[in-house]
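Written out below as C-alpha cells is the structure these notes cover.
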Amino acid sequence: MVAIKNIFCLITAVTAATIYQRTPATLLTDITTIDTNVKALTTAVDNYNGGFFNLLTVSSTESTLETSIKNAANDAANTSQLSSDDSNRILNEINNLIPDIQDALNALVAKKSTFANAGVASTVKGDLASLKKETDDFGRNLLAISSSDVEPQLSAALNTIDNDFTTAQAAF
C-alpha cells in the first residue's frame, strides 16, 4: 500500500511539473492571442458611439485583452532561458504586434471626446494604465528570458510599445 501511495505521489509530481512548464511555442501562442484581442479592442472602440451602457463592449474587450497579457506575463515568468532562434521568433511576433497596438491606442485617442461626453474618459484612462502595467510586466519577463544577442532589439521594440502607451495616456 505504501508503494502505491509513493507511485501516486510521483505521478502527481511529474504531471504537475508538466502542466506548469512553458515553452517558446506557448509564448508565441500568447502573443497571437494578444494580437487578436488588440484587434478586437480596436474594433470595439471604432464602433463605440457614446453612452455608458455602450461602453460595456469596449470594457469587456479591454478586460479580455488585459487577461491575455497577464497570462502571457505568467507564461514568460515560467519559461526557461530562450535560445537565440526562439528569441528571434518572439521578437518578430512582437514587432508584428506593434502596428496593431498603435492602431488600438490611436482609436482610443480618436474617441477621447466621445468618451468624455459619456463621462467615461477617466475609466478609459484607468484601463490604459492597467494595460500599460500588464504590458510592461510581460515585457520585463520576456527580457529576462531572451538571449543576449536579441535582448537589445527586444528592448527597443518594448520601448516603442511603452512610448506609445505613454503618448496615449497623455492624451487623456
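Under mature numbering (1 follows the signal peptide of the UniProt record, and there is no 0), the letters of the sequence shown match residues -16 to -1, 1 to 156, in that order.
Even glycine gets a Cβ: it sits at the ideal position worked out from N, Cα and C.
- Non-local beta-carbon contacts of residue 82 in its own chain, meaning distances under 7 Å to residues more than five positions away in sequence, involve 141, 144, 145 in chain order.
- Under the Cβ criterion (8 Å, minimum of three pairs), the segment 8 to 28 counts as touching the segment 72 to 80.
- With fewer than 16 other beta carbons inside 10 angstroms of its own, residue 133 counts as exposed.
- With fewer than 16 other beta carbons inside 10 angstroms of its own, residue 101 counts as exposed.
- Boundaries of the alpha helix (DSSP H) harbouring residue 80: 68 to 94, taken from the DSSP string.
- Contact between the segment 51 to 70 and the segment 27 to 35 is absent, with fewer than three C-beta pairs closer than 8 Å.
- The C-alpha of residue 124 lies about 21 Å from the C-alpha of residue 48.
- In the DSSP secondary-structure assignment, residue 151 is not bridged to any residue.
- Exposure of residue 64 is indicated by the presence of fewer than 16 other C-beta atoms within 10 angstroms of its C-beta.
- Counting only residues of its own chain and dropping the five nearest sequence neighbours on each side, residue 34 has a CB closer than 7 Å to the CB of 98, 101, 102.
- By the neighbour-count criterion, in which a residue is buried when 16 or more other Cβ atoms sit within 10 angstroms of its Cβ, residue 152 is buried.
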